[in-house]
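Enquirer: What follows is a single structure, and I will ask about it in a moment.
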Amino acid sequence: MYLTRYRWIFVISALLIFMIVALVQIHYQRKMEQYQLRVFQTIVQRSVDLVSSGYFQWTELKEAIERNDEEFMEEAFEEIRGLDPYIKEIKILNVPPDFKEEYYRIESDGERLWALFKIYDSMGEELIPDKTAYVEWDVNGILDTIGASVMFQKGGKKTFWNLEYKSKARGSWFSISFWSSLGGLFLIVVLHSIFVRSILRTHYETEGLERLVSIVGKKDHYTAEHSRNVAKIACLIGEKMNLKRKELKILEIAGHLHDIGKIAVPEHILNKPGKLSDEEFEIIKKHPVVGADILREYPELSFTVPVVLYHHERMDGSGYPLGLKDKEIPILARILAVADVFDALTSDRPYRKAMKPEDALSLMKKMPLDQKMVSILEKHLSEFINLKLQK
Ligand SMILES: [Fe+2]
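Residue 391 is where the sequence shown ends in the UniProt record's numbering, and the numbering goes up by one at each step.
Here is the structure:
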């Protein structure tokens with residue numbers, strides 16, 4: 001049950017991680033692209049303004065063009081190229097008939113980007129009517145310099161400033177999916193090692209062991225319900241003592257499994273209505289050791305071993321299997337002992353009826369249990385009674 005439930009949580013988390021990584025990547029990719037294109041546009045626009053006002057509104061250059069003074073023109077064009085290294089080509093062409101703009105027009109054929117400039121004198125009044133200056137920029141050179149993740153080329157699906165562009169390989173849908181999947185896979189491996197090797201495995205093994213407990217339950221119906229109650233009561237005592245979550249988890253698992261060693265106790269002894277003989281009691285007394293031996297086989301549950309092994313130890317050393325005293329008994333085992341006795345006394349047994357919680361508590365106050373935990377039971381008795389009533 002645990003495994004199935006966690007498997008789904010695991011798969012859904014992995015899918016969510018895929019989606020989140022992909023969406024975050026796409027979001028930032030787009031933002032970055034927009035930002036890069038704005039930078040690109042600013043660079044080109046500044047260059048166009050500079051060339052227009054600085055060179056193609058300049059009487060001397062206008063006159064040089066009119067008289068076809070190639071030497072002067074070449075010198076001026078060289079100066080322009082020095083101003084902006086991304087300018088690839090400058091030439092003088094015949095003006096196209098549809099050139100209605102006042103100073104310049106930026107054009108593109110989907111791949112190249114250029115501007116046509118009208119050629120004025122320095123006052124911006126006199127114009128060469130039939131000539132225009134053609135200036136082309138190295139667009140991908142600019143993009144490379146600003147580290148842009150797009151490239152302009154014909155056949156690109158997106159357009160910017162009449163240029164067709166597409167994202168470079170790193171930013172394509174394929175690579176986004178690829179990197180998201182790789183990121184997701186990496187996270188899955190990490191999650192797998194964390195969940196499967198610890199939590200999932202613990203639950204899997206707990207589930208396997210719970211089946212064993214249910215086998216004990218078939219021999220002894222009391223044990224299965226008792227184990228659930230002990231787990232709940234022990235956890236509530238632990239909560240009242242402000243134990244850490246990890247310790248509460250140990251209490252819960254150990255509570256469920258504390259009597260697993262009863263699998264080795266014959267059915268007729270477990271369900272005997274009368275008093276047990278000394279020999280029979282000796283057999284019963286083996287169950288903490290048998291239980292601890294079973295749990296040692298499951299490395300992920302090794303933390304429950306001392307709790308199960310010592311849950312019948314008593315504060316005055318009268319318990320079994322080792323006769324430990326006071327603080328020699330681990331705190332979680334002392335909590336489990338109190339939960340175990342409380343549930344046993346307040347449940348019907350083959351040889352006696354259930355005691356009232358208040359009577360059980362009075363009896364427990366005289367028993368060699370850790371009285372700190374008994375007083376917690378007393379202080380919150382109604383909560384513990386309700387807990388037992390919950391199925
Ligand atoms: Fe027990």
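C-beta atoms are modelled at their ideal positions from N, C-alpha and C, and glycine is treated no differently.
Quantities reported herein were computed from a predicted structural model and do not represent experimental measurements.
Tell me whether Tyr-104 is buried or exposed, calling it buried when 16 or more other Cβ atoms sit within 10 Å of its Cβ.
Expert: Taking the sequence shown and counting its residues from 1, one reaches residue 104 at position 104. Its Cβ being crowded by 16 or more others within 10 Å, Tyr-104 is buried.
Enquirer: Is DSSP giving Leu-369 helix, strand or coil here?
Expert: Position 369 of the sequence shown holds residue 369. In the structure shown, Leu-369 sits in coil (DSSP, three-state: anything other than H, G, I, E or B).
Enquirer: What is the DSSP secondary structure of residue 407, counted as helix, strand or coil?
Expert: Since the first residue of the chain shown is 1 and the last is 391, residue 407 is not available in this structure.
Enquirer: Would you check whether ligand 1 has a heavy atom nearer than 8 Å to the C-beta of Asp-343?
Expert: As a first step, residue 343 is located in the sequence shown; it is residue number 343 there, counting from the start. Asp-343: no, Cβ never under 8 Å from ligand 1.
Enquirer: Any idea which residues DSSP pairs Leu-127 with across the strands?
Expert: Along the sequence shown, read from residue 1 onward, the residue named residue 127 stands at position 127. For Leu-127, which the question treats as bridged, DSSP gives the partners Tyr-120.
Enquirer: What does Ala-133 pair with, by DSSP beta-bridge criteria?
Expert: Taking the sequence shown and counting its residues from 1, one reaches residue 133 at position 133. Its beta-bridge partners are Ile-92 and Phe-117.
Enquirer: Taking one C-beta from the stretch 282-292 and one from the stretch 310-326 each time, how about it: are there three or more such pairs within less than 8 Å?
Expert: Touching, yes, given that three or more Cβ pairs across the two stretches are closer than 8 Å.
Enquirer: If you reduce the DSSP assignment to three classes, tell me which class Tyr-165 lands in.
Expert: The residue you call residue 165 lines up with position 165 of the sequence shown. If DSSP states are grouped into helix, strand and coil, Tyr-165 belongs with the strands.
Enquirer: Output the distance between the C-alpha atoms of Ala-264 and Phe-303, rounded to the nearest integer angstrom.
Expert: Indexing the sequence shown from 1 puts residue 264 at position 264. Indexing the sequence shown from 1 puts residue 303 at position 303. Spanning the two alpha carbons is a distance of roughly 22 Å.
Enquirer: What would DSSP say about Val-24, mapped onto helix, strand or coil?
Expert: For the purposes of this step, residue 24 is taken as the residue at position 24 of the sequence shown. Residue state, collapsed to three classes: helix.
Enquirer: If I measure Cβ to Cβ from Pro-129 and keep anything under 8 Å in the same chain, skipping five residues before and after, which residues do I get?
Expert: For the purposes of this step, residue 129 is taken as residue 129 along the sequence shown, with counting starting at 1. The answer, listed in chain order, is Val-95.
Enquirer: Is the number of C-beta pairs between the stretch 115-123 and the stretch 150-168 that are closer than 8 Å three or more?
Expert: With a cut-off of 8 Å, the stretch 150-168 and the stretch 115-123 do not count as touching, because too few Cβ pairs lie within range.
Enquirer: Go to Glu-107, then tell me how far its beta strand (DSSP E) extends in each direction, as first and last residue.
Expert: If you number the sequence shown from 1, residue 107 lands on position 107. It spans 104-108 - the beta strand (DSSP E) in which Glu-107 sits, taken as one unbroken run.
Enquirer: With 16 as the cutoff for other CB atoms within 10 Å, does Asp-49 come out buried or exposed?
Expert: Numbered from 1 along the sequence shown, position 49 holds the residue referred to as residue 49. With fewer than 16 Cβ atoms within 10 Å of its Cβ, Asp-49 is classed as exposed.
Enquirer: Would you say His-256 touches ligand 1, meaning its beta carbon is less than 8 Å from a heavy atom?
Expert: Position 256 of the sequence shown, counting from 1, holds the residue named residue 256. It does not: the Cβ of His-256 is nowhere closer than 8 Å to a heavy atom of ligand 1.
Enquirer: Would you be able to state if there are at least three C-beta pairs under 8 Å between the stretch 20-36 and the stretch 123-141?
Expert: Cβ pair count under 8 Å is below three, so no.
Enquirer: Less than 8 Å between C-beta atoms, sequence neighbours within five positions excluded: which residues of the same chain meet that for Ile-43?
Expert: Position 43 of the sequence shown holds residue 43. Closer than 8 Å at the Cβ level, and outside the excluded window around Ile-43, lie Tyr-86, Ile-142 and Ile-146.
Enquirer: My assumption, with CB atoms under 8 Å, is that Glu-280 sits in contact with Ile-294. Please give the rounded CB distance.
Expert: The residue labelled residue 280 in the question sits at position 280 within the sequence shown. The residue labelled residue 294 in the question sits at position 294 within the sequence shown. Contact flag wrong, Cβ pair sits at about 21 Å.
Enquirer: Should Asp-293 be counted as a contact of ligand 1 given a C-beta to heavy atom distance under 8 Å?
Expert: Position 293 of the sequence shown, counting from 1, holds the residue named residue 293. No, the beta carbon of Asp-293 sits no closer than 8 Å to any heavy atom of ligand 1.
Enquirer: Looking at the structure shown, is Arg-349 part of a helix, part of a strand, or coil, going by DSSP?
Expert: Mapped onto the sequence shown, residue 349 falls at position 349. Here Arg-349 sits in strand by DSSP.
Enquirer: Among the candidates Lys-31, Glu-378 and Pro-330, whose CA atom is the shortest distance from the CA of Pro-357?
Expert: Locating residue 357 in the sequence shown gives position 357, counting from the first residue. It is Glu-378.
Enquirer: Comparing alpha-carbon positions, which option in Gln-153, Val-189, Leu-61 and Gly-155 lies nearest Lys-131?
Expert: The sequence position of residue 131 within the sequence shown is 131, counting from 1. Answer by Cα proximity: Leu-61.
Enquirer: So who's on the other strand from Met-364, going by DSSP bridges?
Expert: The count along the sequence shown starts at 1 and reaches residue 364 at position 364. Looking at the DSSP assignment, Met-364 forms no beta bridge with any residue, so it has no partner.
Enquirer: From the DSSP output, which residues share a beta bridge with Asp-144?
Expert: Start at 1 with the first residue of the sequence shown, and residue 144 comes out as number 144. Answer is none; Asp-144 lacks a bridge partner.
Enquirer: What residues in its chain sit with their C-beta under 6 Å from that of Ser-108, if we drop five residues either side in the sequence?
Expert: Walking along the sequence shown from the start, residue 108 turns up at place 108. The answer, listed in chain order, is Asn-162 and Leu-163.
Enquirer: Here's a check: name, in chain order, each residue in its chain whose Cβ is nearer than 7 Å to the Cβ of Lys-88, leaving out the five neighbours to either side.
Expert: For the purposes of this step, residue 88 is identified with residue 88 of the sequence shown, where counting begins at 1. Cβ neighbours of Lys-88 beyond the five flanking positions: Glu-136, Trp-137 and Asp-138.
Enquirer: By DSSP, does Met-19 sit in helix, in strand, or in coil?
Expert: Your numbering for residue 19 matches position 19 in the sequence shown. Met-19 falls in the helix class under three-state DSSP.
Enquirer: Measuring CB to CB, does residue 471 end up less than 9 Å from Ile-329?
Expert: A question about residue 471 goes unanswered here, because the residues of the chain that appear run from 1 up to 391.
Enquirer: Quick check: the stretch 229-239 against the stretch 378-388, are at least 3 beta-carbon pairs closer than 8 Å?
Expert: Counting Cβ pairs under 8 Å, three or more are found: they touch.
Enquirer: Report yes if the C-beta of Asp-316 is less than 8 Å from at least one heavy atom of ligand 1; otherwise report no.
Expert: Mapped onto the sequence shown, residue 316 falls at position 316. No, the Cβ of Asp-316 stays beyond 8 Å of every heavy atom of ligand 1.
Enquirer: Within 10 Å of its beta-carbon, does Met-1 have 16 or more other beta-carbons around it, so buried, or fewer, so exposed?
Expert: In the sequence shown, counting from the first residue as 1, residue 1 sits at position 1. Residue confidence for Met-1 is low, a pLDDT of 42 falling below 50, so the modelled location carries little weight; the figure read from the coordinates is stated next. Label assigned to Met-1: exposed.
Enquirer: Using 9 Å as the limit for Cβ to Cβ distance, is Lys-100 near chain B?
Expert: Among the chains in the structure shown there is no chain B, since it carries only a single protein chain.
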